[in-house]
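Let me begin by presenting the structure, written as structure tokens, before commenting on it.
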Amino acid sequence: MHFYGSLLSILLVVLSCPLTVRTRRVAPLIEEDWARRPHRAAECTFGKQIRELGSTWFADLGPPFGVMYCIKCECIPVQKKRRIVARVHCRNIKNECPELTCKEPVLLPGRCCKSCPGDFSSDIVQDLPAQLTSEEEERSLKHFGTLLTGKTSQVLRRDEPSPTSMYNSAYNYLATGRFTFHRKNLYYSFYLSTSTPRPRNIQFIDGSGSILEEQTIDPIGGVYQNATGKLCGVWRRVPRDYRKLLREERLHVSFIWEPSATLTGQLSRYRALSTEQYSSLLEPTMGVDRSLMSGAGATAIVSASSASAPSIHVSLVFNGVFLPNDVSEVPLIVQLEHMEKDYVVLREEIIVKKPSNELNFGEVRSALSGADLRLLTRGKLSISIMSRKDPQALRLAGVVGPRANCEMYQTLLISETPSAASGLAWAFLDRAGSLRYGVQLIGLEEESPLVTLVDEGGKRRTELEDLTPSLVDGLANGSLERPGPRFLEPLFNGELAVVAASHVGSMLRGRLLQRPVADAKDTAAPVLLRRLSQEPLNPGPVGLVWTAVDLDCSLHYELEIAGFPQTSSTNSHEPRTLRLYLETMPLVVQGAPVARRLLEEFTGYVLEGSVTGLSPVELYRIESGIGFLEVTDKQAERILKAPFKARAPLSCLPHYADNDVASVVAYNLYPPRSDIETGACFHETRFYEEGTQWTSSTDPCYMCHCHRGLPQCDPMPCPVLTCAEGKQLKPASGHCCPICSSPGINMNATGKNVSSVTRGCTLAGQFHLPGASWHPYLPPMGFDTCAVCTCDPVTLEVKCPRVQCPPLDCDEKIAFRPSKKACCRQCPAMTPSTIVGVGGDTTRLPRDQAAPSTRRTADEILASGGCKYPLGGPYENGMEWHPRVHSHGEMKCVKCRCKNGEVRCDRKRCPRALCNTIAHQIKRGEYVADSDDCCTVQCRRARRHHRNNHHPARHSVTPRELS
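Going by mature numbering (1 follows the signal peptide of the UniProt record, and there is no 0), the letters in the sequence shown line up with residues -23 to -1, 1 to 940, in that order.
Written out as structure tokens, the structure reads:
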């Protein structure tokens, strides 16, 4: 109990450290690099589990301890200057248990406190309280917007206010935003006025000015942002406490250009956003009173209906159109007019009961003619709001364009009949209001399909547009100029479908559904993931994925899958567990190394995530189009796969390319990380995996191996033969060393082999003729010339005895090896002793070395539980021996044993008492028995290590170590 108490006390101290890492189960390298990012998410980690801010849980220490139900942990916010970070805080709740009145309380499973039998009191400590489901929470966090003007920006508390902060150079900048909460992520979209540059940073802050989230804005933007003129992004994994601030409208957003240039606005719930079709950002017009309208602006939320009675609905959020003496019941004029002609479409008066300097609201509803409605959809109308008392001095105006949301409409095209065909489609509205679209079809190339847009919202399907003229080789890209309400209403409602049909009966169909845009979707087009088997399936799974690389060299991906068959099994209601893998390869050549890593394990059919820490070479391969994304199921069965490309910033790419062999080899000289690169070696037109060995294809007398990404080749040394020269045979091509003649091999007058020999021995994948002898090849050291292997011409058994060294005539302490490759030691100033060759008595083995059995064949030994062994095997079941290493000889401290076909080797452990005895013998100069030579070495090494680590003269303790 004392041990467990100490463990828990240490645990509580360790868990008090602040921890902030990424969410979800991802590759370990992501968490390493995420810690270096400038602005980290407010999250906690406990073991391998990621916890959001405000969550509570019981400590799970894993085996053998398990869940400690008396240790309750929380992820709490901690203020550091103006930023909020997360910290894990754990405490013992044993003392919080209620007092019991029964005599024999019981401890129920999963509880910390005991309870009386039959008593389920709520005082017993529980885990997390019940939370809203994701669907309920998303419904409660919809339709938020904001207006950022100089008048809406509040002076929030700062730790060190400076005199320069009193002057805001961005006071006349203007922006409006929309916010969508989806899957615990808060997506944001902004329109900026023509005079407002893109900010450097965006911050989400609370009412006291504490920074909850901060992001750096790309000054250029991606494909989507440039085409739409919007600013798009996402705040991922919003903590529950911050979602509460959003729900209560106590969350603010701030744009930062420089310390003295900021705009701030409050995130408010606008119900009109649920039906918004068009947006407008209104700014002061020419000729207004700048002293009164400084810092003023407005945004309009516009929706229209093309039913039997066309109508328009305009909601306005504004400020700055009031005179100094306007206190109450102030009349304003809302006007909708043609921009190019002097034509007023709509003019209405609204009354503001109590004007505010920050935000005011107004609403207009009116009937509209069909012609005027078409002008609205074509971007020909502008909206303005002005003071009725002085409309020339107080006036805001802006063009009505596509709604401000950053959104993409996409679908997977699935066959309604058994077919290998598949496809995808996507569309979005650009800044001019045109519908840009893309369609990709695979499997219908020879059927001349027709591609159409169909409204499936009514009882009858209505064909709206034929996209076939833009279809070339299965790809269709184009735009529809300013589609009207008959297009936009089914598009916004998720009822606009893409249909590809052929004259032979094939048909692909899918409805375009809205998806928020951020990171990966801010690119040119998605990639179609196809199943590896092209046989007709009913239905066949298909997927699409968006990918992008940001300025931090992080790869973002958004995946959607559809078309899985509906099974009738009992587990069909359970979510399917899938895995997403990233593969990259340098070249498409034989044996090319494939770097494969798990990006994420997920359930369901939609995935959004990112990975950091990719090497520059990996990013270059992705940009070059030799990267692949693969989806597998839990049983590692490959389901979908496709190559993809993603443009990376120049700062993320290497200083060289690996599109040829030379630079691949150059890169392997300095591989960045062993868990990223495979370490494969390129040699003679192909790649070899790390640790493999092979014979050179250009010179069969060279053996090669792959070591740390570099190929190393050594010439084959030929052992000295024991037979006479007249009986030596020169083998055919592919064999480098001569062999002694045997009954199964013939030779002609020239001494060359003339028969085709199929019998022989195989060792380490190399074939050897009967009677052949060779030195074993042991990577990475090369050929072991101190051992000679032979292929028995009769039994075809391989034996590899080592060279037997003669006894020394001098003290072993003064003996030495004349060279690194010398097998035996010799005495100084003496003629080297004669070495006993392999052709001698091979039954002489070192002390404690058990000889392999020669009474039975190798197959008989293995069949009865014997073991294979590279040098000297096979061994009988139950036999023990000391292994030999060519560079060290016999390993006396290691003993191997063959048991039921498996070899197990253990190192001898010397007890402390024996070490003390040996130490006293050495100190007194006494003789140490040979049986203890292994322990002698170990005890001396342990004693030396102890003395070096504890002698004050050799080990000085630094202040850092004391702390």
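Here a beta-carbon is modelled for each residue, glycine too, at the ideal position from N, C-alpha and C.
Fair warning: this is a prediction, and the values are worked out from it, not measured in the lab.
Quick one: what does DSSP say residue i is sitting in, helix, strand or coil?
| i | result |
| --- | --- |
| Phe469 | helix |
| Gln243 | strand |
| Glu853 | coil |
| Ala835 | helix |
| Arg267 | helix |
| His897 | helix |
| Gly347 | helix |
| Val449 | strand |
| Thr22 | strand |
| Cys804 | coil |
| Cys52 | strand |
| Glu560 | strand |
| Lys618 | strand |
| Ala147 | coil |
| His66 | strand |
| Ser117 | helix |
| Glu595 | helix |
| Phe464 | helix |
| Lys221 | helix |
Starting from the C-beta of residue i, find all residues in its chain whose C-beta is less than 7 Å away, skip the five residues before and the five after it, and write them out in chain order.
| i | result |
| --- | --- |
| Ala478 | Pro426, Leu427 and Met484 |
| Cys763 | Arg779, Val780, Cys800 and His863 |
| Ser841 | Asn854 |
| Gln254 | Val279, Ser280, Ala281, Arg380, Leu465 and Phe469 |
| Tyr386 | Trp403, Ala404, Phe405, Leu468, Leu489, Leu490 and Gln491 |
| Asn337 | Phe295, Asn296 and Val329 |
So residue i and residue j are in contact, right, with Cβ under 8 Å, and what is the actual spacing, rounded?
| i | j | result |
| --- | --- | --- |
| Cys873 | Glu857 | 7 Å |
| Cys52 | Arg68 | The pair is not a contact, with the Cβ atoms about 13 Å apart (cut-off 8 Å). |
| Glu340 | Ser292 | 5 Å |
| Leu506 | Ala398 | 14 Å between Cβ atoms; not a contact. |
| Asp373 | Leu259 | Note that residue 373 is Leu in the sequence shown, not Asp. At roughly 4 Å, the Cβ-Cβ gap stays under 8 Å, so Leu373 and Leu259 are in contact. |
| Tyr144 | Ser237 | 6 Å |
Please determine, among the options, the residue with the shortest C-alpha to C-alpha distance to residue i.
| i | options | result |
| --- | --- | --- |
| Arg59 | Thr123, Ile182, Leu151 and Gly154 | Ile182 |
| Gly154 | Thr193, Val211 and Ala36 | Val211 |
| Leu785 | Cys804, Pro770 and Gly748 | Cys804 |
| Asp443 | Ala619, Gly95, Val416 and Asp218 | Val416 |
| Leu591 | Gly602, Ala625 and Asp367 | Ala625 |
| Thr669 | Gly471, Pro688, Cys678 and Asp676 | Pro688 |
| Arg438 | Ile419, Val476 and Leu406 | Val476 |
| Glu422 | Pro593, Gly400, Gly410 and Tyr414 | Gly400 |
| Gly274 | Ser601, Ser172 and Tyr679 | Ser172 |
| Leu406 | Val322, Asn203 and Ile603 | Asn203 |
| Ile362 | Glu326, Phe121 and Gly356 | Glu326 |
| Cys892 | Cys911, Asn877 and Gly878 | Cys911 |
| Glu537 | Thr580, Gly272 and Ser531 | Thr580 |
| His120 | Tyr168, Leu244, Arg881 and Val304 | Leu244 |
| Val322 | Ser288, Leu124, Gly95 and Ala539 | Ser288 |
| Asp691 | Leu441, Ser531, Leu559 and His752 | His752 |
| Ala741 | Phe793, Pro708, Tyr846 and Val697 | Tyr846 |
Decide if residue i is buried, meaning its Cβ has at least 16 other Cβ atoms within 10 Å, or exposed.
| i | result |
| --- | --- |
| Gly855 | exposed |
| Pro851 | buried |
| Lys57 | exposed |
| Glu393 | exposed |
| Pro261 | buried |
| Gln612 | exposed |
| Val608 | buried |
| Pro308 | exposed |
| Ile791 | exposed |
Below 6 Å CB to CB, which residues in the same chain sit around residue i once its five sequence neighbours on both sides are set aside?
| i | result |
| --- | --- |
| Leu457 | Leu412 |
| Tyr150 | Thr173 and Leu240 |
| Ile603 | Met562 |
| Leu584 | Leu536 |
Who are the near neighbours of residue i in its chain, counting only those whose CB is closer than 8 Å to its CB and skipping five residues on each side?
| i | result |
| --- | --- |
| Val481 | Glu424 |
| Leu630 | Pro593, Leu596, Tyr597 and Glu600 |
| Asp610 | Arg553, Thr554, Leu555, Arg556 and Ile616 |
Should residue i be flagged as near chain C, meaning a C-beta pair shorter than 8 Å?
| i | result |
| --- | --- |
| Met385 | In the displayed structure, chain C is absent; only one protein chain is listed. |
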